[in-house]
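Below is one structure, written out as structure tokens, with a few remarks after it.
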């Protein structure tokens, strides 16, 4: 097995499944210099990703295979298998039995997510649902980027409404008027700067704002 050896494997991440979700996650983590090992049983995907990310060919639904590749040494594992409910549950259960400290598991439905939670997954993610919700906000309004943090609190990137252009944040007073906070401003060709009351906004700037999702949507809808 072409297993990656590292000095700090306990801080490493095991990624099971090299579909779109798992491969993107593993490749990004590897590019960021994090200790990551991908596990995949499909020879075609192994051939596609061989030499690009650290990986090993194994069937993670087999607990002995996970033990042999040292899965219990990792501090976290991501189960990227979603198309097969049985495989997803078996792999997650195997990682729970190994005592993996943090298990992130992909789910393709609410029921799938509930099962993963019941058997011991610490975090359940819904990539398709989350992406659809995010894109809906971008398509339907003037938002350039949208991240919902928790309980409706959201951070967005947007162009400034006309009423802000040419004025400082103190003059436009958007927090009092609209209940949102301008966190920072990015002007063309300039570094991102954290906003102060004296920050002047121009038509070509990008704003990074925070607040409740509904308030931000209303603010972004202004001309």
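In my numbering, the protein residues as written are 102 to 324. Even glycine gets a Cβ: it sits at the ideal position worked out from N, Cα and C.
Residue i, DSSP secondary structure in three states
i, result
"residue 311", "strand"
"residue 246", "strand"
"residue 325", "Shown here, the chain extends from 102 to 324; a query on residue 325 therefore has no answer."
"residue 223", "coil"
"residue 216", "helix"
"residue 266", "coil"
"residue 233", "helix"
"residue 114", "strand"
"residue 240", "helix"
"residue 299", "coil"
"residue 304", "coil"
"residue 292", "coil"
"residue 139", "strand"
Run of the alpha helix (DSSP H) containing residue i, from where it starts to where it stops
i, result
"residue 130", "121-132"
"residue 192", "186-199"
"residue 278", "275-279"
"residue 166", "164-169"
Residue i classed as buried or exposed, judged by whether at least 16 other C-beta atoms fall within 10 angstroms
i, result
"residue 200", "exposed"
"residue 136", "buried"
"residue 274", "exposed"
"residue 124", "buried"
"residue 247", "buried"
"residue 94", "This structure does not reach residue 94, given that the chain is present from 102 up to 324, and the question cannot be answered."
"residue 293", "exposed"
"residue 210", "exposed"
"residue 113", "buried"
"residue 189", "buried"
"residue 321", "buried"
"residue 141", "buried"
Bounding residues of the beta strand (DSSP E) (the contiguous stretch that carries residue i)
i, result
"residue 145", "Per DSSP, residue 145 belongs to no beta strand (DSSP E); it is in the alpha helix (DSSP H), 144-150."
"residue 206", "203-207"
"residue 177", "177-180"
"residue 287", "282-287"
Own chain partners of residue i with C-beta closer than 7 Å, once the 5 adjacent residues on each side are dropped
i, result
"residue 317", "255, 257, 281, 310"
"residue 186", "213"
Short Cβ contact (9 Å threshold) for residue i with residue j
i, j, result
"residue 208", "residue 225", "yes"
"residue 270", "residue 250", "no"
"residue 262", "residue 303", "no"
"residue 177", "residue 204", "yes"
"residue 119", "residue 143", "yes"
"residue 279", "residue 253", "no"
"residue 192", "residue 286", "no"
"residue 240", "residue 217", "no"
"residue 259", "residue 307", "yes"
"residue 115", "residue 172", "yes"
Proximity test, Cβ basis, 9 Å: residue i and chain C
i, result
"residue 323", "No chain C appears in this structure, which consists of one protein chain only."
8 Å Cβ shell around residue i - same chain, five flanking residues per side excluded
i, result
"residue 298", "269, 270, 271"
Spatial neighbours of residue i in its chain, beta-carbon cut-off 6 Å, leaving aside the 5 residues before and after
i, result
"residue 194", "220"
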